[in-house]
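J.: Before I ask anything, let me first share the structure, which is written out below as structure tokens.
Residue numbers (my numbering): 2 to 595.
Following this line, the structure appears as structure tokens:
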């Protein structure tokens, strides 16, 4: 990335920040951030619509004393630049009728925003509360899915659990409904306490009045009762126009001899009735972790697979596919392999979340998850084009725990970029910190920022097989009490614009920059078909010009001299970056070739 304080308005506010119970002593809790979002529609007493909110889990540490013996739900709210942290809390949960020292283990897995433009907004956080043998807190079935409404001030207004027939239940994903305003949809899994079969659960609810509908779905047609499989729901999304719900996860049939784990995607209407359901087979272990509804009204799904193609080393790779929302048929599919040293070194990796970005007609996907290098587990982000082909991938900080990831986009501010929610290992190497990272759309950050790796794309062909479900609508809920504990935070780094040298002969250029017009320069037309014109005043004459493609390769270069034209007629369609190096510094402009 190039840097100039003179001619670039900050293209991203890059920062990394970590969180824990106590950052001043070695008596830390292991901490992970599992999910997060950029707030866009949340108001408290004063409009506060630009910040990042994270949810995760803080694991107990016996050395901290008897009051610290439960895993806690974590909620963190930071300012848009990462410098301010108005809320950084842990929450303990206990039965209303039992002493608050008898706490459950609690986990936070997903967060959604309450849209409220006139009063107090807030968030819905989901996860689980479970048996805690240290405090002797117990639940029927061992665990219940947990739902908490957290206000913009960090207080929990309401917390309930949901149980499906005395089973062990965990909520993994919650989303605000665009089809039925004011409602939320949630998915997770339910483990039968007797048979140990696992079913997906999906529900729709109102934050204040409870559940509208909900039930479990088990996908197995080989047994008499239809509930003998291991079916996990990990993520869901919604078509705001039709109300259709799409759920992704994994499926394993206990009555088959292969014991293969397959990807699972199914669709429900707005009332929870099944529309279609498929399993996706590629290798002995195929798992889907996240599903998103795309701008063209289809679905993108990510996960991982241990496919071993002929002539390719056996490894676990990121799995990314796009499927039809109408029936789940595959549009395109890829394995994305993590690499280093120009592909001479390859690493296992998994995809836990994906987000789509569409700008000036160009679609890209950002896929995040862990990568397992020879020095440990690290954060990984793969940038992928609209056809599923990897463009580049970055490895960031080392992690202690192979935890969940979350990813969101910040496109509205003057510092656009990608926000990654996960965890890192602390400097002493002994504990895990919750972690928030903001990067440019290319992927560079203020530390570990320049080590971009060449992508490895592996073609695959998954087998898609319809599979019918069995639905059970029995469930019960009860309220639980909470206690709030303040945590500590530390800014790991903050930098207006990273400075990256050329890597392998190419430069990494941010794809979204705010152009400074003080030099009175005009660049047109944009998008361009044939010739691009640059019209600048005399003070810019003799500035060098370079046009770079998405891979940072120079496709045209010259010198600015008044009215200058670049012939782009023969160049492939796509996105380019125009770099002008003048006496006042460097200027960048994104160019779209049609």
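No residue lacks a Cβ here, since even glycine has one placed at the ideal position from N, Cα and C.
It should be emphasised that the depicted structure is a prediction, and the values quoted were computed from it without experimental measurement.
#1: Express the C-alpha separation of residue 69 and residue 75 in angstroms, rounding to a whole number.
#2: Assuming residue 280 contacts residue 468 (C-beta within less than 8 Å), just tell me the rounded distance between them.
#3: Do residue 91 and residue 485 have their beta-carbon atoms positioned less than 9 Å apart in this structure?
#4: Since residue 75 sits in a beta bridge, which residues does DSSP pair it with?
#5: Does residue 391 pass the burial test, meaning 16 or more other C-beta atoms within 10 Å, or should it be called exposed?
#6: Between which residues of its own chain and residue 286 is the CB-CB distance below 6 Å, once the five residues before and five after are set aside?
#7: Have a look at 408, 398, 242 and 382 and flag the residue whose alpha-carbon is nearest the alpha-carbon of residue 292.
#8: Does the distance between the C-beta of residue 412 and the nearest non-hydrogen atom of the ligand ADP fall short of 8 Å?
#9: Where do the ends of the beta strand (DSSP E) carrying residue 289 lie?
#10: Count the CB pairs spanning the segment 146–164 and the segment 246–256 that are closer than 8 Å, and state whether there are at least three.
#11: Can you give me the C-alpha to C-alpha distance between residue 83 and residue 559, rounded to a whole angstrom?
#12: With a 10 Å radius around its C-beta and 16 neighbouring C-beta atoms as the bar for buried, classify residue 194 as buried or exposed.
#13: Mind the definition here: the segment 315–323 touches the segment 433–446 only if three or more C-beta pairs lie below 8 Å; say whether that holds.
#14: At which residues does the beta strand (DSSP E) containing residue 488 begin and terminate?
#15: Taking just the CA atoms, how far does residue 411 sit from residue 398?
#16: Checking the sheet assignment: what are the DSSP bridge partners for residue 421?
#17: Is residue 38 close to chain C, meaning its C-beta is less than 9 Å from at least one C-beta of that chain?
#18: Tell me, please, which residues DSSP counts as bridged to residue 253.
#19: Where do the N-terminal and C-terminal ends of the beta strand (DSSP E) with residue 276 fall, by residue?
#20: In three-state DSSP terms, what is residue 144?
#21: So, with DSSP's three-state summary, where would you put residue 19?
#22: Roughly how many whole angstroms lie between the Cα atoms of residue 96 and residue 482?
#23: By the 10 Å Cβ neighbour count, where 16 or more other Cβ atoms means buried, how is residue 232 classified, buried or exposed?
#24: Once the 5 residues before and after residue 46 are set aside, which same chain residues still bring their CB inside 6 Å of it?
#25: I want to know whether the segment 165–172 touches the segment 141–149 - three or more CB-CB distances under 8 Å.
#26: Would residue 598 be called buried (16 or more neighbouring beta carbons within 10 Å of its own) or exposed?
#27: Does the distance from the CB of residue 528 to the CB of residue 387 come in under 9 Å?
#28: Three-state secondary structure (DSSP) at residue 64?
#29: Pick from 214, 81 and 109: whose alpha carbon is nearest that of residue 16?
#30: Please classify residue 429 as buried or exposed, where buried requires at least 16 neighbouring CB atoms within 10 angstroms.
#31: What do you get for residue 88, buried or exposed, if any count of 16 or more other CB atoms within 10 angstroms of its CB means buried?
#32: Quick check: the Cα distance between residue 394 and residue 339, rounded to an integer number of angstroms?
#33: Look up residue 476 in the DSSP assignment and say whether it is helix, strand or coil.
#34: Looking at C-alpha atoms only, which residue of 209, 198, 112 and 212 is the closest neighbour of residue 237?
#35: Look at the Cβ atom of residue 420, then the Cβ atom of residue 39, and state whether they are nearer than 9 Å.
#36: Flag this pair as yes or no: are the beta carbons of residue 94 and residue 488 separated by less than 9 Å?
T.: By the coordinates alone:
#1: 14 Å
#2: 5 Å
#3: yes
#4: 57 and 91
#5: buried
#6: 262 and 307
#7: 408
#8: The ligand ADP is not among the ligands present in this structure, which contains no ligands whatsoever.
#9: 287–294
#10: no
#11: 39 Å
#12: exposed
#13: no
#14: Per DSSP, residue 488 belongs to no beta strand (DSSP E) and is neither H nor E.
#15: 21 Å
#16: 408 and 438
#17: No chain C appears in the structure shown, which is made up of a single protein chain.
#18: 231
#19: 275–282
#20: strand
#21: strand
#22: 6 Å
#23: buried
#24: At residue 46 the pLDDT is 43, less than 50, meaning the model places this residue with poor confidence and gives no usable figure here.
#25: yes
#26: This structure leaves residue 598 out entirely; the chain is present only between 2 and 595.
#27: no
#28: helix
#29: 81
#30: exposed
#31: buried
#32: 7 Å
#33: coil
#34: 112
#35: yes
#36: no
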